[in-house]
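Scroll down for the structure; my scribbles are underneath it.
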Amino acid sequence: MHLGNYLGAVRNWVDLQEDHDCTYCVVDLHALTTAPNPKHLRANTLATTAILLAAGINHNSSTLFVQSAVAEHAELAWMMECTVGFGELRRMTQFKDKSDRSDFISAGLFTYPALQAADILLYDTDLVPVGDDQRQHVELCRDIAERFNHRYGETLIVPTHVIPKAGARVMDLQNPSDKMSKSLDSPGTIGIVEDPSSVARKIKRAVTDSDNEVRYDPVVKPGVSNLLGILAAATHRTPEAVASDYSIYGPLKLDTADAVNELLAPIRQQYQELIAEPAHIESLLAKGAEKARVVASATLQRARERAGLLTRVLS
């Protein structure tokens, strides 16, 4: 997971736990769309869980589990595939971006927004806290739920997305026209638990422009605006307010690096302690799956009945 994941989504997830009953899922089934090495997939599943815990996800008050441990996700996903239109899936921006960079395009990559909709709808979700890049997927999820309800009667809760005001869309430090991404393996991506010296080096080398004027203008000055957005999100300010403190790029980069490292330091420390005990992480995930299954099975049973499938007791 990278800095964009944290500022755009994970930090918001942590805050929402104070006032909401939250469910968080490590989506290992989605990872299969890129045919990952099995050993790496298992390791990354544990690492992602450790990062979420280190960032502040509370496994006691929230439900945290691995997607593949709750079989209801796959079954409701098929029902959602039969509800969403081919043209709707073809218009998804992330599918276009990822398919352009791959020699092999799996059917799963094309249909995974239906699985993502199942991930959300299984838990009678009201709010979906995401980064700006996932807005389109939540809107499609809403369309799918409304269509299913229109066909079969009120069955699924139609969710709403929640996007933070600052840091909602963190861009690549070397190519600020692209969002920061774990799939691109770019030198402009900062990992949440990356070494502090590496983080500082990447930010100091971030692409800006040649006029050395500090102002927040994402269209004309995407690189500078990205740094301002990151520093604003890390210090709970607005990018415009941050811009007023600087006249040249050097100090902006130095302060951004310091703020990001200060923000990530406690997460790094807690992560190292957690990842050293994989059995403990697996135990927490197993308990989370038990909690998730109670809600997911009830929703799936309701959807099956409304759609006309023969009912059965779900275990």
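In this note's numbering, the protein residues as written are 120 to 434.
Heads up, the beta-carbon is just placed ideally off N, CA and C, and yes, glycines get one too.
Item	Value
DSSP-derived helix/strand/coil call for residue 310	strand
Run of the beta strand (DSSP E) containing residue 144, from where it starts to where it stops	142-145
Enclosing alpha helix (DSSP H) for residue 183 [first to last residue]	That residue, residue 183, is in no alpha helix (DSSP H); its beta strand (DSSP E) goes 182-185.
Top-ranked residue by Cα proximity to residue 309, from 383, 366 and 419	383
Cut-off 7 Å between Cβ atoms - residues of its own chain near residue 125, not counting five sequence neighbours on either side	174 and 311
Proximity of residue 195 and residue 259 at Cβ, strictly below 9 Å	no
Nearest neighbour of residue 347, chosen from 412, 379, 330 and 172 [CA to CA]	379
Start and end residues, beta strand (DSSP E) containing residue 280	279-281
Beta carbon proximity, residue 214 to chain D, threshold 9 Å	As a matter of chain content, chain D is missing from the structure shown, which is built from one protein chain.
At least three beta-carbon pairs within less than 8 Å, the segment 289-296 to the segment 333-349	yes
The segment 129-142 touching the segment 174-193, judged by at least three CB pairs closer than 8 Å	yes
Distance, residue 184 Cα to residue 407 Cα	5 Å
Cβ contact (3+ pairs, closer than 8 Å) linking the segment 319-330 and the segment 147-160	no
Proximity winner among 415, 127, 152 and 267, relative to residue 224 (alpha-carbon distances)	152
Reduced DSSP secondary structure (H/G/I, E/B, other) of residue 178	coil
Euclidean distance between Cα positions of residue 336 and residue 255	23 Å
DSSP beta-bridge partners of residue 298	290
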